[in-house]
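**Student:** Can you keep this structure in mind? I'll have questions shortly.
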Amino acid sequence: MQRRRFGDEGFSLVEIIIAMLILGIIAIALLPPLWQGIRFASEQAHVATATRQLNALIEEAREAQSCTAVNGLAPSAYEDGVEVPIGDPHDFTVANSGGACTPASLITI
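So, in structure tokens, the structure goes:
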């Protein structure tokens, strides 16, 4: 019966390569959900920016004291700076729909 020498314990090179291969396969399997999550977060950031800009425009309309001021709210184009896969930043336009503004509609409760 042979005795083990000092330093013989531990992992062999083959065991380390197999462990790295298994970890690599697991990492590759997790990439698609990770990529999907990053894209979803980017889209949600775009929606949040558009909502924030639209709310600002609505507040401007609420603070307007006349129909001329409300109708004068010009369409605005915004860019949120988030890069899409093609490389173009997201952009969106907020526009006045041209609805009727009457002095009675400016009264707030």
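When we follow this note's numbering, the leftmost residue of the sequence shown carries the number 911, and every step to the right adds one.
Glycine included, every Cβ here is placed at the ideal spot set by N, Cα and C.
Along the chain, where does the alpha helix (DSSP H) containing A960 start, and where does it finish?
**Tutor:** Position 50 of the sequence shown holds residue 960. Here the alpha helix (DSSP H) through A960 covers L923 to E973.
**Student:** Taking the Cβ atom as the reference point for each residue, do V980 and A966 lie within a distance shorter than 9 angstroms?
**Tutor:** Translated into the one-based positions of the sequence shown, residue 980 becomes position 70. Translated into the one-based positions of the sequence shown, residue 966 becomes position 56. No.
**Student:** Taking the straight line between their C-alpha atoms, what separation do you get for I927 and L933?
**Tutor:** The residue labelled residue 927 in the question sits at position 17 within the sequence shown. The residue labelled residue 933 in the question sits at position 23 within the sequence shown. Using only the alpha carbons, I get a separation of about 10 angstroms.
**Student:** To the nearest angstrom, report how far apart L964 and A929 are at their CA atoms.
**Tutor:** Here residue 964 corresponds to residue number 54 of the sequence shown, with the count starting at 1. Here residue 929 corresponds to residue number 19 of the sequence shown, with the count starting at 1. Taking the straight line joining both Cα atoms gives about 52 angstroms.
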